[in-house]
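Enquirer:
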Amino acid sequence: MNPEIPILETKHLEKSYWVGRSRLPVLKGLDIEIKAGEIVAIIGPSGVGKSTLLHLLGALDRPSRGKVLIQGVDIFRYNDEQLAIFRNRTVGFVFQFHHLLPEFTALENIAMPALMARVPQKQAYRKAMELLNEVGLWQRAHHRPAELSGGEQQRVAVARALMNNPRLLLADEPSGNLDQRSSNALHRLIWHLSRTRNQTFIVVTHNLQLAEQADRVIELSDGRIKNNILNGV
Ligand SMILES: Nc1ncnc2c1ncn2[C@@H]1O[C@H](COP(=O)(O)OP(=O)(O)O)[C@@H](O)[C@H]1O
Ligand SMILES: [Mg+2]
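Numbering (my numbering), first residue to last: 176 to 408.
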């Protein structure tokens, strides 16, 4: 892969929501270019559209106008079924709240994306166990989400996001509901795992200290990019 080709580009990306009969413009034309392996922090006030942007980058929602190119491919030309396959193979998502399936164990939740991609069960569970190890939870393999602490639930969610070796890891305030210490530990863990996998990692955070450690910080304001800063340059 040519590292000079951006892994991710947006071209005049717009998103509006319809609320009743009125249109609420949220993203008003974003042009972003992110290189493979970059760690990018997205910051901005609550309600500015950070989650909306991340959902578009991860193909969880479609834009009103504009494009998202992943490795040069315009992903919204895909139909919904193709888009689901693309998401499963290429994108790992960690949400603010874990979104784990309550009736499945930690191990089963982590293995799910691989099972959906038709990886044989034995192989999927072996890989899920390795990931449980990496997030420090091998003793929790057979616990259900309700039997885990908030920090542990998020670590399981991180392991699940990594299951299919996504090129792109997206995290939306992944530690938003944790205390400061668990929050910092979770961030360190995700950053470490993402770096060692040479993934492109985009994280929405309101922790400015963390944002400063990213390669790039994109600040949103009033639906546009207010700042796009390369750190350490
Ligand atoms: N599904 C939706 N329908 C209507 N409005 C929405 C929807 N999702 C988000 N919004 C609105 O869009 C704006 C941006 O939301 P969001 O992307 O969640 O912001 P942030 O993550 O930066 O806090 C907010 O004003 C929010 O109320
Ligand atoms: Mg949000």
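Beta carbons are placed, not taken as given, at the ideal position from N, Cα and C, and that holds for glycine.
Heavy atom of ligand 1 less than 8 angstroms from the Cβ of ASP397, yes or no?
Expert: Not so, every heavy atom of ligand 1 lies at least 8 angstroms from the Cβ.
Enquirer: Quick one: is GLY137 buried, meaning 16 or more other Cβ sit within 10 Å of its Cβ, or exposed?
Expert: What the structure shows of the chain is the stretch from 176 to 408, and residue 137 is not part of that stretch, so it cannot be assessed.
Enquirer: Which term fits GLY267, buried or exposed, when burial requires 16 or more other beta carbons within 10 angstroms of its beta carbon?
Expert: Buried, by the Cβ-count rule.
Enquirer: Am I right that ILE365 and ALA334 are in contact with their C-beta atoms under 8 angstroms? What's the rounded C-beta distance?
Expert: ILE365 to ALA334, Cβ: 10 angstroms. No contact.
Enquirer: May I have all residues whose beta carbon comes closer than 5 angstroms to any heavy atom of ligand 1, sorted in chain order?
Expert: Taking each Cβ in turn, the ones that pass are TYR192, VAL201, SER221, GLY222, VAL223, GLY224, LYS225, SER226 and THR227.
Enquirer: Which residue wins for smallest C-alpha separation from GLU278, given the options ARG319, HIS367 and SER358?
Expert: Taking only the C-alpha atoms, the option nearest GLU278 is ARG319.
Enquirer: So, for LYS203: in the same chain, excluding its five sequence neighbours on each side, which residues have a beta-carbon less than 7 angstroms away from its beta-carbon?
Expert: So the qualifying residues of the chain are GLU189, GLY398 and ARG399.
Enquirer: Considering only DSSP beta bridges, list what PRO181 is partnered with.
Expert: Paired residue(s): LYS210.
Enquirer: At a cut-off of 8 angstroms, would you count VAL379 as near ligand 2, judging by its Cβ distance to the nearest heavy atom?
Expert: Flag set: Cβ of VAL379 near ligand 2.
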